[in-house]
Structures are given as C-alpha cells and as structure tokens.
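Numbering (the numbering used here), first residue to last: 9 to 285.
Notes follow once the structure below has been shown.
See the structure below:
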C-alpha cells in the first residue's frame, strides 16, 4: 500500500479548501448518517414525530385561516392540501436551519473540531441532511392526502428539486452564519426559536399568496420562503396554484445572498473555532 504524504505548508489549507471539501466527502457521509440515525434511533417515535408535527400544524392553520378567517384557497384546491403543500418546504427549512445552526457546539462535533483538521463547513452541511429525510416522509404523507382528495400530480412535479435547492441554500446560508456566530457568542442559540416562530407566521404557509396585495408582493418576496412555498404548491398541486415568477426570482436572489454571506462569515471565523470551543 502506498503511504500518503503529509505536507505542512503555510496557507495550504486556505488554497485547497474547496478541494478538501470534496476529498473529505466520506466524512460528510459519515456525519450525515450519524445525525440521521440518532434522530431515528427509536424508529417509531422519530417517524411519528416527523409526521405528527406538520399534520397538527396543517389542522390548526386550516381551522384558523380556512374556517375562521375564511381565507381563499388556490384554484379550488382543498384548503388542507394547500396548507400541507406549504408546510413541506417550511418544515424542511426549519429543521435544516435549526440543526445546522447548532451543529458546531453540539457534543461530538465540538470534540472533533478541537482534535483534527478538516473543512468545518462539512459539519453544518451534514447536519442539514436530516431535514431531507423528514421531507421524504412528509412527501409520502402529502401524496396520500392528495389521493384522498383525488388530486393527481402533474408534469410540474419535475421542477420540485429546483425549489428544494433554493430552500436548502437559504437554510444553509442562515445556518452557517448563525452557527459561526454561535461559537463565539453563545447567546445566538436563543435567536433560532424566535426566528423560526416568527418565520412560520410571516411566510405564506397557512394562507394563499394570492391574498397579498400586488403592490407588496415583491417586498414580501424578500423572504426566501415566499417563492419556495409558491413553487412547491405549483409543483405539488398540479399547477392549480399559480406561479409568480418575479417572486421566485427575488426569493432565489435572497437565498443566494444568504449562502454567500453565511459561507463568507463562516470562513472568516473558522480558524478560531478550535480555540473558542
């Protein structure tokens, strides 16, 4: 077996950082699988919680916005189905953001950072993968609900991965930004529940985007989840929910900004992580 050569060179880690991310892809896989297996160690409880939480939220929003406030649905789609289609990207975003934002100071990750070198971005990126598993479980539940209402998926479904990528960029951008700040300023961990609680109600999860006045729709779309939720509904509801392209474009631009800002801040603070942790 050929021995690996270890080269110690000033600045080498910075110059080869992005190549190292690829070289350490096996570590990414191991960390992602570890986080997923921990979440679902007790399989029944883990899967049940992934289903119960969005389902109960759907029921509450349907009662509050659909029955009491009498907000309209999209294109005659049953209100619970519209709400659940909006819950899918929000649940994925909130799970990925929460897990990524606390990943550096969590248990074994803190010990790993202080002992060996590897691109630290791997840790929040791997932590966010748990949200993908939750999303797959919730998608299965959505299609069961759609079958109950006799709604068949349309060709729009092939575009769903695009909106998933936009949601992932937004979650990773904000998550990497907060997890970097969390290492130095531990109070930032208290910001996450507030952001998620506020975001759930200011995003069009429980109501249709159509109720937003036209003059405010672009400003509202600075929230990256606005375009993503609209895109998910368009894909999953067979086009019966309209797709407002300027909103998607602005939400995409905001997500790109967040991923740029998050990685930039993370990279600036990365060298101090081992000392601070």
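Using N, Cα and C, we set each Cβ at its ideal position, and we do this for glycine too.
Cβ neighbours of residue 80 in the same chain (closer than 8 Å, five flanking residues each side left out): On the chain shown, position 72 is the one that residue 80 refers to. If we look at residue 80 and ignore the five residues flanking it on each side, its Cβ neighbours are 216, 218, 219.
Counted within 10 angstroms of its Cβ, other Cβ atoms place residue 142 as buried (16 or more) or exposed: Here residue 142 corresponds to residue number 134 of the chain shown, with the count starting at 1. So residue 142 counts as buried.
Cβ neighbour criterion (16 or more within 10 Å) applied to residue 152: Here residue 152 refers to the residue found at position 144 of the chain shown. Under this definition residue 152 is an exposed residue.
Is DSSP giving residue 158 helix, strand or coil here? As a first step, residue 158 is located in the chain shown; it is residue number 150 there, counting from the start. The answer is coil: DSSP assigns residue 158 none of H, G, I, E or B.
Rounding to the nearest angstrom, what Cα-Cα distance links residue 15 and residue 68 in this structure? For the purposes of this step, residue 15 is taken as residue 7 along the chain shown, with counting starting at 1. For the purposes of this step, residue 68 is taken as residue 60 along the chain shown, with counting starting at 1. Annotation note: pLDDT 48 at residue 15 (below 50); position unreliable, no value reported.
List the whole-angstrom C-beta distance separating residue 101 from residue 178, where the pair is believed to meet the contact cut-off of C-beta under 8 Å. Locating residue 101 in the chain shown gives position 93, where the first residue counts as 1. Locating residue 178 in the chain shown gives position 170, where the first residue counts as 1. Rounded, the Cβ-Cβ distance is 7 Å, consistent with contact.
What first and last residue would you give for the alpha helix (DSSP H) that runs through residue 254? In the chain shown, residue 254 corresponds to position 246, counting from 1. Counting along the chain, the alpha helix (DSSP H) containing residue 254 begins and ends at 253 to 277.
Inter-stretch contact at 8 Å, needing at least 3 Cβ pairs: the segment 196 to 211 / the segment 119 to 139: no
Anyone know if the C-beta pair for residue 247 and residue 162 falls short of 8 Å? Within the chain shown, the letter at position 239 stands for residue 247. Within the chain shown, the letter at position 154 stands for residue 162. Result yes, Cβ atoms of residue 247 and residue 162 sit closer than 8 Å.
Measure the C-alpha to C-alpha separation of residue 209 and residue 231 and round it to an integer number of angstroms. Translated into the one-based positions of the chain shown, residue 209 becomes position 201. Translated into the one-based positions of the chain shown, residue 231 becomes position 223. Cα to Cα, residue 209 sits roughly 12 Å from residue 231.
Leaving out five residues on either side along the sequence, give the residues of the same chain with a beta carbon under 6 Å from the beta carbon of residue 240. Position 232 of the chain shown, counted from the start, is the residue given in the question as residue 240. Closer than 6 Å at the Cβ level, and outside the excluded window around residue 240, lie 93, 96, 97, 171.
Any 3 or more C-beta pairs closer than 8 Å across the segment 181 to 198 and the segment 54 to 63: no
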